[in-house]
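Everything on this sheet refers to the single structure shown next.
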Amino acid sequence: METAVKEEIQVKGVAASPGVAHGPAFLFVRKEIEVASYFVPPEKREEQVARLEGALLQIKQQLRVLRCEIEEKLGEKEAQIFDAHQMVLEDKALIDEVEKEIFENGWNIEYAFQTVSNRYVEAFSHIDDDYIKERVADIKDVSRRLLHNLLGQAEMELDNYSGARILVSDDISPSDTVKLDRSRVSALVTDQGSRTSHAVIVARSINVPAVVGLHDITKRVKTGDTVIVDGFEGLVIINPSEQSLFRYGKIRTERQKAQTVYHSNLHLPARTVDGFEVRVMLNVDGSESNDDLKKSGADGIGLFRTENLFLRSATLPSEEEQLRVYRRVAEAMAPFPVTIRTLDIGGDKQISNPIFGHEESNPFMGFRAIRLCLEHVALFKDQLRAILRASAFGRVKIMYPMISSVQELVSANAILEECKRELAAKKIDFDANIPVGSMIEIPGAALAADLLAKHCNFFSIGTNDLIQYTLAVDRVNDRVAHLYEPNHPAIMRLLKMIFDAGKKAGIPVSVCGEMAGDAAYAGLLFGMGAQELSVAGAVLPEIKYFIRNISMSDTAKMVTDVLAQESPEAIAGLLHGYYADHIGARFLGEDRATV
Ligand code: PEP
Ligand code: MG
């Protein structure tokens, strides 16, 4: 009897956690909880509130247990997911609204709670912001838990399967992440989610490949279907053909081999074959443990994105609170330097605080970063004093984001000097010669880099923004993502111009945007004059290894070749060829689809 061969289907999503896996799928989709609505007479409404209070207490206890479980399994950083859940349970506005539904409208507690939580979810779900999306996921997760408790139902759990599987879900809630286990889940694939979803953060920390944002993958895959997940390229292949299976089998083995070699070389210096020593630094957001920092293999921190401290907290963090975090990181990294970037809020990172003003039609070009800090001087000074005070405990540098003119840099420096005077008057220690840097991420700043160089000690190129502003391509808009082209000749020229300006002024230029973390560009950037790149922890071992296999004299030649090209394709071809010649061929064969 003939069996029908299923057709291979390829679906592209967001590459969220690197790695390749293949195996049978397990479909995990939760159904909506059905809640009855009924009228409660006034004399019985207190009872409903008492049930709510009892359920809240029980859930808080359950969450404490889950927190301990995940802390033990994955560490403090991942366990903090449950602090966000406790915050939902303690949200006075939400609880007051539920009580109002009971007392004023007479609804039963289950219906009142579901109505209010749906209202919150609905209000937030139109906001296209990863942080807000996470908070919506938190509210949904906590509401589900509470409704199950009130209804006395057991929850559908993620442990009804055995053997390593490709987990396919609409979305994995933060509570479900406790069940993510390398021995049972070989990859994670979801309809929703982004690179910063909690589940994705956990997946990355336990090295489970993940592809998210696939929209309708749960409708295309059934439990038992064979699936390949390519977490490097963000590709899911359902019912793979023999050729795909063979190709991915090879890629998988080669990538594993490569990672082992990169890691075994992590402790070695980033020295090129012709003896040039450069630095590979780490990008952080303050949530990393001291252990993560110490074991990273980095030569310091080239970009500390401080806005996450502000995004994570319901109120603005005080000078003391910020100092605690900056000091911890400075001490953990000492004697290596730590470059702390001042607040870069705005754009796609919005905080709902009245002082930051109103919705903008074009937030990336609006009230963002240094522009906002120069108007909210008290907030800026709190941060600058915290950074200055941390400089007494390690080698700290300050860096301003989104500088577009000399005037902004001069104004920021004047405020910094004022902070230094205030601390000196109080006899508080700080590094009086703290180096000050300007990010170069606006084309205007790149063109005027020679002028800016007179007012700072270093430049750091933010390629993520530099590309979006130079090519007029919104970096978070899927519809124009194909136009976001790092290989554009205009980008190459601007980069060269910035390095040349730094060299002429005698100040170092580093790169901290995503381009620095792609080995294809690392050689080019060193060839143009970088002495330092700052990259994400996951790619740092590969970048360091790559540097140890290239020679500075080749990279200079590559710069000349690249600058002579007219098309992004030609530039990509040269860069990829160079990568393949130096390490690609050794480990990755011809199958490294992109670099
Ligand atoms: C950049 O723009 O390249 C950068 C490093 O900053 P961010 O991604 O935080 O805007
Ligand atoms: Mg930027």
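Here the sequence shown is numbered in the numbering used here, starting from 2 and rising by one per residue. Note that beta-carbon positions come from the ideal geometry of N, C-alpha and C, so glycine has one too.
Between the ligand PEP and Asn284, a heavy atom-to-CB distance of less than 8 Å is present. By alpha-carbon distance to Glu135, the top candidate from Ser174, Met559 and Glu123 is Ser174. Closest in C-alpha terms to Phe277, from the list Phe527, Glu442 and Tyr485, comes Phe527.
The Cβ atoms of Leu467 and Pro444 lie closer than 9 Å to each other.
Sixteen is the threshold: since fewer than 16 other Cβ atoms of the shown chains lie within 10 Å of the Cβ of Leu269, the residue is exposed. By the neighbour-count criterion, in which a residue is buried when 16 or more other Cβ atoms sit within 10 angstroms of its Cβ, Met88 is exposed.
Under the three-state reduction of DSSP, Leu215 is assigned to coil, being neither helix nor strand. Cβ neighbours of Arg329 within its own chain (closer than 8 Å, five residues either side excluded): Asn291. Proximity to Asp275 across Arg146, Val12 and Ser552 peaks at Ser552, based on C-alpha coordinates. The DSSP assignment places complete beta strand (DSSP E) segments of no fewer than 3 residues inside the stretch 510-577 at 510-512 and 533-536, in order along the chain. An exposed status is given to Gln244, since fewer than 16 other beta-carbon atoms sit within 10 Å of its beta-carbon.
Restricting attention to Arg342, Lys350, Leu317 and Ile302, the CA atom closest to the CA of Ala335 is found in Ile302. Here Lys141 carries a helix assignment [DSSP, helix/strand/coil]. Taking the Cβ of Glu442 as the reference point, at least one heavy atom of the ligand MG falls within a distance shorter than 8 Å. The DSSP-derived three-state label of Phe311 is helix. For the pair Arg325 and Glu486, the Cα-to-Cα distance works out to about 39 Å.
Under the rule that a run must span 3 or more residues, the beta strand (DSSP E) segments found entirely inside the stretch 373-441 read 396-401 and 437-441.
The C-alpha of Phe114 is placed about 50 Å away from the C-alpha of Ala520. Annotation for Asn119: the continuous alpha helix (DSSP H) segment containing it runs Ile110 to Ser126.
By the 16-neighbour rule on beta-carbons within 10 angstroms, Phe311 is buried. Under the criterion of beta carbons closer than 8 Å, Leu90 and Leu57 qualify as touching, at roughly 6 Å. By alpha-carbon distance to His583, the top candidate from Ser126, Val378, Ala523 and His127 is Ala523. Annotated as proximal: Gly24 and Ala188, with beta-carbon spacing under 9 Å.
By the neighbour-count criterion, in which a residue is buried when 16 or more other Cβ atoms sit within 10 angstroms of its Cβ, Val30 is exposed. When DSSP states are grouped into helix, strand and coil, Ala16 belongs to the strand group. Sorting Pro436, Lys45 and Gly194 by C-alpha distance to the C-alpha of Phe459 places Pro436 at the top.
Taking Glu234 as reference, the option from Val117, Ala22, Ile548 and Val397 with the minimal CA-CA separation is Ala22.
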